[in-house]
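Visitor: One structure follows; several queries about it will come next.
2 protein chains.
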Amino acid sequence: MDGLPPTLEKVIKGFSKFPGIGKKTAHRLGLHVLKTSSKEIEDFSQALINVKTKINTCNNCHNIAEADLCEICTDEKRDSSIICICEDPSDIYLIEKTGFRGVYHVLGGLLSPLDGIGPDDLQIDSLIERVKTATELIVATDTSIEGEATILYISKLLETQPIKMTRLARGLPVGGQLEYVDEATLTRSINERVELN
Amino acid sequence: MDGLPPTLEKVIKGFSKFPGIGKKTAHRLGLHVLKTSSKEIEDFSQALINVKTKINTCNNCHNIAEADLCEICTDEKRDSSIICICEDPSDIYLIEKTGFRGVYHVLGGLLSPLDGIGPDDLQIDSLIERVKTATELIVATDTSIEGEATILYISKLLETQPIKMTRLARGLPVGGQLEYVDEATLTRSINERVELN
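Residue numbers (this note's numbering), protein chains in the order written: chain A, 251 to 447; chain B, 251 to 447.
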């Protein structure tokens, strides 16, 4: 007890449960609530509750959605023949920023036998179903061992299907300096070198 | 629109209004809400609303309080004859950590003629009233121009009163290295040097 009212203590404790929010930041955020208008805090509280009650998973791609289908699956301007496979809904928003205009499929995780995560724990069955109407599959998983294993598993599974499978390029970061690039990335960038025209 | 459900957009916007929370962090916190249990989010929302409805200002020291008097003013184990003057309630929790067991008086700001903040905007009248029963007044304001001006104003006001007035010591930070200390602080630390016994 630092002499803080218990109500405020509770809010600070709530903030500190969020990722990347330490004790000090939680404290500052809690004190900021005092300075914010009641109307604003009420709206924010209501929005938090709405997220939990109104948001579920898209029946098609397993992205987060407020209806049966997510905003991306219902967007008719998108090219639904190119499916980008992601681990998590949060990855979608990173890829959206690149201007990608295809659709997505969220796996809900990566294969990881050590953690007991097998193919049945991921949205792979529904992917196989969707692949039938697609022309290209872009796998956008992490470059971790789990990510690589997942790519391998999916590509083996679809071996016999007439679909183009691609994965994100690996190489030098844009704007990065050669001397700061790690060996593995540099090796990749040499192996996957691109012809100048 | 990044393809996010509007409900989630609203929560992210709410988070980004907090100090030190940028767009990316707000995004991450918003997505974390999805992964948190409904119960936890409901409790957090309620706590936020409670802070706005239940917390007001202590009638005695102007600290934040859930009742007429704050937890510090009602604590009988504290020495109410030593009053520490702060700018803001948040300063109290910093000083509490030092183990100080006196009481506080929150000014609610610092004198700043340029910003149009004069003595009438601060809780100075009630301070003068409280001083009558105190033996020592510690001024714990910032070392800014406004902080210094406020110290000066209060000490002039209380010149004729038989009360001991002190302010926080200035000098080298504990654990700090001499070569990194700025000139003004070093000058202060020489002027306010302490005799070794």
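Ideal placement from N, C-alpha and C gives every residue a C-beta, glycine not left out.
Please list the terminal residues of the continuous beta strand (DSSP E) segment that includes B:Ser330.
Guide: Mapped onto the second sequence, residue 330 of chain B falls at position 80. 329-336 is the extent of the beta strand (DSSP E) around B:Ser330.
Visitor: Could you tell me whether the region 344-352 of chain B touches the region 313-321 of chain B, where touching means 3 or more Cβ pairs closer than 8 angstroms?
Guide: Output reads no: the region 313-321 of chain B does not touch the region 344-352 of chain B.
Visitor: Suppose only complete runs of 4+ residues qualify. What are the alpha helix (DSSP H) ranges in the region 389-441 of chain B, listed by chain order?
Guide: DSSP runs (the alpha helix (DSSP H)) wholly in the region 389-441 of chain B: 395-407, 433-441.
Visitor: Can you have a look at B:Thr303 and say buried or exposed, based on whether 16 or more other CB atoms are within 10 angstroms of its CB?
Guide: Counting from one through the second sequence, the residue named residue 303 of chain B turns up at place 53. Exposed, since its Cβ has fewer than 16 Cβ neighbours within 10 Å.
Visitor: Please name the residues in the region 295-312 of chain A whose beta-carbon is closer than 9 angstroms to at least one beta-carbon of chain B, in chain order.
Guide: Taking 9 angstroms as the Cβ-Cβ cut-off against chain B, the residues of the region 295-312 of chain A that qualify are Ser295, Gln296, Ala297, Leu298, Ile299, Asn300, Val301, Lys302, Thr303, Lys304, Ile305.
Visitor: Taking the alpha-carbon positions, what's the A:Phe268 to B:His277 distance?
Guide: Counting from 1 along the first sequence, the entry for residue 268 of chain A is found at position 18. Counting from 1 along the second sequence, the entry for residue 277 of chain B is found at position 27. Each residue's Cα considered, the two are about 12 angstroms apart.
Visitor: The beta strand (DSSP E) with A:Val356 in it runs from where to where?
Guide: Translated into positions along the first sequence, residue 356 of chain A becomes position 106. First-last of the beta strand (DSSP E) with A:Val356: 353-356.
Visitor: In the region 272-297 of chain A, which residues sit with their C-beta less than 8 angstroms from some C-beta in chain B, listed in chain order?
Guide: Cβ contacts with chain B come from Thr275, His277, Arg278, Leu279, Gly280, Leu281, His282, Val283, Leu284, Thr286, Ser288, Glu290, Ile291, Glu292, Asp293, Phe294, Ser295, Gln296, Ala297.
Visitor: Of the residues A:Asn310, A:Gly358, A:Arg380, which one's Cα is nearest the Cα of A:Asp370?
Guide: Numbered from its first residue, the first sequence carries residue 370 of chain A at position 120. Per the Cα distances, A:Gly358.
Visitor: Using only the alpha-carbon positions, how far apart do A:Leu377 and A:Ile271 sit?
Guide: What you label residue 377 of chain A is simply residue 127 of the first sequence in a count that begins at 1. What you label residue 271 of chain A is simply residue 21 of the first sequence in a count that begins at 1. Taking the straight line joining both Cα atoms gives about 36 angstroms.
Visitor: Return the chain-ordered list of same chain residues with a C-beta closer than 6 angstroms to the C-beta of A:Ile332, the five sequence neighbours on each side being excluded.
Guide: For the purposes of this step, residue 332 of chain A is taken as the residue at position 82 of the first sequence. Counting only Cβ-Cβ distances below 6 angstroms, and skipping sequence neighbours, we find Gly352, Glu386.
Visitor: In the DSSP assignment, what residue or residues form a beta bridge with A:Ser266?
Guide: In the first sequence, counting from the first residue as 1, residue 266 of chain A sits at position 16. None; A:Ser266 has no bridge partner.
Visitor: What residue range is occupied by the uninterrupted alpha helix (DSSP H) comprising B:Pro339?
Guide: For the purposes of this step, residue 339 of chain B is identified with residue 89 of the second sequence, where counting begins at 1. That run of the alpha helix (DSSP H) goes 339-346.
Visitor: Of all the options B:Lys406, B:Asn309, B:Gln373, B:Val356, which has the alpha carbon lying nearest to the alpha carbon of B:Cys334?
Guide: The count along the second sequence starts at 1 and reaches residue 334 of chain B at position 84. B:Cys334 has its Cα closest to that of B:Val356, out of B:Lys406, B:Asn309, B:Gln373, B:Val356.
Visitor: Touch check for the region 397-408 of chain B and the region 421-439 of chain B: three-plus C-beta pairs under 8 angstroms?
Guide: No contact exists between the region 397-408 of chain B and the region 421-439 of chain B.
Visitor: Is it buried or exposed for B:Met251, if we count other Cβ within 10 angstroms and need 16 for buried?
Guide: Looking up residue 251 of chain B in the second sequence gives position 1. With a pLDDT of only 46 at B:Met251, under the threshold of 50, the placement of this residue in the model should not be trusted; the figure read from the coordinates follows. With fewer than 16 Cβ atoms within 10 Å of its Cβ, B:Met251 is classed as exposed.
Visitor: With distance defined between alpha-carbon atoms, name the residue in A:Ile262, A:Asp338, A:Leu360, A:Met415 nearest to A:Cys308.
Guide: To locate residue 308 of chain A, count along the first sequence from 1; it is residue 58. When only C-alpha atoms are compared, the closest one is A:Asp338.
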